[in-house]
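J.:
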Amino acid sequence: MKITDITLDRLRLELDPPFRAAWDPEPRRHFDATIVRVQTDEGVTGIGSGDRMDGFETYKPLFVGEDPLDITRHVRAIETANFHGAHYWPLEAALWDVIGKVHGRPVAELFGNAAKKLPAYASSGELKSPEERVATALEVRDAGFRAMKIRIDRNRIDEGVAAVRAVREELGEGFEIMVDLNQSWRMAGDTAHASDLAGTRKTVARLAELDVFWVEEPLPYADLDGFKRLGAENPGVRIAAGEMHRSTAELLRFLEEDALDVYQMDVVLAVGMHRARTLAELALLKHRQFTPHSWTNGIGLLANLHVSAGVGGGPFFEFPYDPPGWTPEHRDFMLAEPVRVNGDGDLEVPDGPGLGVELDEDAVDRWRIK
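Residue numbers (my numbering): 345 to 714.
1) From what residue to what residue does the beta strand (DSSP E) around residue 376 run?
2) What's the gap between the Cα of residue 531 and the Cα of residue 416?
3) In terms of residues, what are the limits of the alpha helix (DSSP H) holding residue 467?
4) Run through the DSSP bridge pairs and tell me what residue 407 is partnered with.
5) Suppose the cutoff is 7 Å on Cβ atoms and the five residues either side in sequence are ignored; what does the same chain contact list for residue 485 look like?
6) Between the alpha carbons of residue 675 and residue 647, how many angstroms are there, rounded?
7) Given residue 694, which residues of its chain have a CB within under 8 Å of its CB, disregarding the five upstream and five downstream residues?
8) Quick one: what does DSSP say residue 611 is sitting in, helix, strand or coil?
9) Provide the residue span of the beta strand (DSSP E) that contains residue 347, from first to last.
10) Exposed or buried, which one is residue 427 when buried takes at least 16 other CB atoms within 10 Å?
11) Considering only DSSP beta bridges, list what residue 679 is partnered with.
12) Have a look at 660, 403, 410, 441 and flag the residue whose alpha-carbon is nearest the alpha-carbon of residue 423.
13) Whole angstroms is fine: what's the gap from residue 635's alpha carbon to residue 371's?
14) What three-state label does DSSP hand residue 661 in the structure shown?
15) May I ask you to report which of helix, strand or coil DSSP gives residue 573?
16) Roughly how many angstroms lie between the CA atoms of residue 418 and residue 455, to the nearest whole one?
17) Do you know how far the Cα of residue 496 is from the Cα of residue 564?
18) Identify whether residue 445 lies in helix, strand or coil by the three-state DSSP scheme.
19) Would you mind reading off the limits of the beta strand (DSSP E) that contains residue 393?
20) Report the three-state DSSP secondary structure of residue 493 (helix, strand or coil).
21) Going by the beta-carbon positions, is the gap between residue 585 and residue 560 smaller than 8 Å?
22) Excluding the five sequence neighbours on either side, which residues of its own chain have a C-beta within less than 7 Å of the C-beta of residue 508, listed in chain order?
23) Exposed or buried, which one is residue 641 when buried takes at least 16 other CB atoms within 10 Å?
24) Where does residue 347 land, buried or exposed, given buried means 16+ other C-beta within 10 angstroms?
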């Protein structure tokens with residue numbers, strides 16, 4: 345079997361009203377997605393998505409003509425291309441989709457088959473008042489979710505903590521709450537300094553009193569000692585990070601130093617599926633948790649789900665959901681059916697071969713950037 349072609353579809357969905365993501369300095373007025381298709385001479389097509397794949401045409405000859413099943417070779421080739429270009433992990437997801445289809449198995453089975461489903465947590469994206477956040481939390485609970493994540497702005501700490509407190513008081517101790525401080529990385533153009541360690545220590549201590557399940561991305565990735573200090577000072581709160589950490593060597597150092605309780609490497613944005621599997625298994629051997637970031641679209645979400653379910657990640661899996669602004673219909677506009685949780689709030693691994701992606705070709709044609 346040989347790869348005959350790799351094609352990219354670049355899509356843009358206009359958002360009205362715009363979505364005001366907590367990590368974006370400007371309101372998001374559209375949602376972009378790049379779909380990768382790996383075509384083979386035996387008629388098998390793999391589909392992936394996640395990062396933008398900017399500049400990939402330069403590196404396409406590294407893969408066309410090669411056997412799509414030689415995944416270790418392709419992962420190494422992607423890493424060399426990443427060094428010189430952008431980040432091409434969606435290609436790896438499409439290759440795993442091919443591999444699963446060739447073997448007639450879901451990719452999660454090839455990664456270990458530890459779980460058929462994972463409890464999902466509703467991952468919010470907007471900054472909302474305490475009253476608005478409680479209303480969303482009630483809607484989330486009614487949809488079956490047993491946990492949700494709330495974003496806190498570094499410049500509006502008191503309001504963010506108040507939102508967490510309001511949700512805790514309304515929904516009680518049986519509902520888990522995660523908090524994301526979004527301080528480990530920056531969107532393009534956001535040059536503001538991260539919160540300093542002293543201020544972050546105070547914030548995490550306040551959140552510990554509200555029995556949050558974890559505090560995510562509280563510091564820049566470079567402050568490994570700070571991560572360790574936050575964990576030591578707040579033994580009842582898990583410290584989570586790594587969603588966009590693209591250095592495998594540095595993530596190994598975090599593991600060696602036991603700096604985190606929860607590792608969150610996104611397989612289509614950060615380190616790829618193959619490398620994430622290795623890092624996740626090392627984390628699990630240390631009795632730490634692996635629950636990847638999955639804020640791309642349904643294709644990227646499924647790639648992360650297959651790895652997490654395959655190795656035995658959890659105890660929760662990220663499901664971007666913040667109605668009415670951000671819904672499965674917005675996120676998965678290119679799919680025949682949006683990815684959804686079941687009535688118990690679990691995300692089930694598709695039982696078909698590969699990643700289980702089914703595109704809506706009419707939607708792809710409609711939203712393709714001309």
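The C-beta atom is built at its ideal place from N, Cα and C for all residues, glycine as well.
T.: With the structure as the only source:
1) Element bounds for residue 376: 372-384.
2) Spanning the two alpha carbons is a distance of roughly 31 Å.
3) Where residue 467 is concerned, there is no enclosing alpha helix (DSSP H), although the beta strand (DSSP E) it sits in stretches over 461-467.
4) Residue 407 is bridged by DSSP to nothing; it lacks a bridge partner.
5) Cβ within range, chain order: 515, 519.
6) So the two alpha carbons sit approximately 15 Å from each other.
7) Excluding positions up to five away in sequence, the list reads 450, 646, 700.
8) Three-state DSSP puts residue 611 in coil, outside helix and strand.
9) From DSSP, the beta strand (DSSP E) with residue 347 extends over 347-363.
10) Classification for residue 427: exposed.
11) 703.
12) Looking from the CA of residue 423, the closest CA among 660, 403, 410, 441 belongs to 403.
13) Roughly 27 Å between the two C-alpha positions.
14) It is a strand residue.
15) Secondary structure of residue 573 (DSSP, three-state): helix.
16) Annotation: residue 418 to residue 455 spans about 17 Å, alpha carbon to alpha carbon.
17) Between the C-alpha atoms of residue 564 and residue 496 there is a straight-line separation of about 15 Å.
18) Correct three-state label for residue 445: helix.
19) From DSSP, the beta strand (DSSP E) with residue 393 extends over 389-393.
20) Under the three-state reduction of DSSP output, residue 493 falls in the strand class.
21) Against a cut-off of 8 Å, the Cβ pair of residue 560 and residue 585 comes out as a contact.
22) Result list for residue 508: 494, 521, 523, 551, 554, 556, in chain order.
23) So residue 641 ends up on the buried side.
24) With 16 or more other Cβ atoms from the protein chains shown falling within 10 Å of its own Cβ, residue 347 counts as buried.
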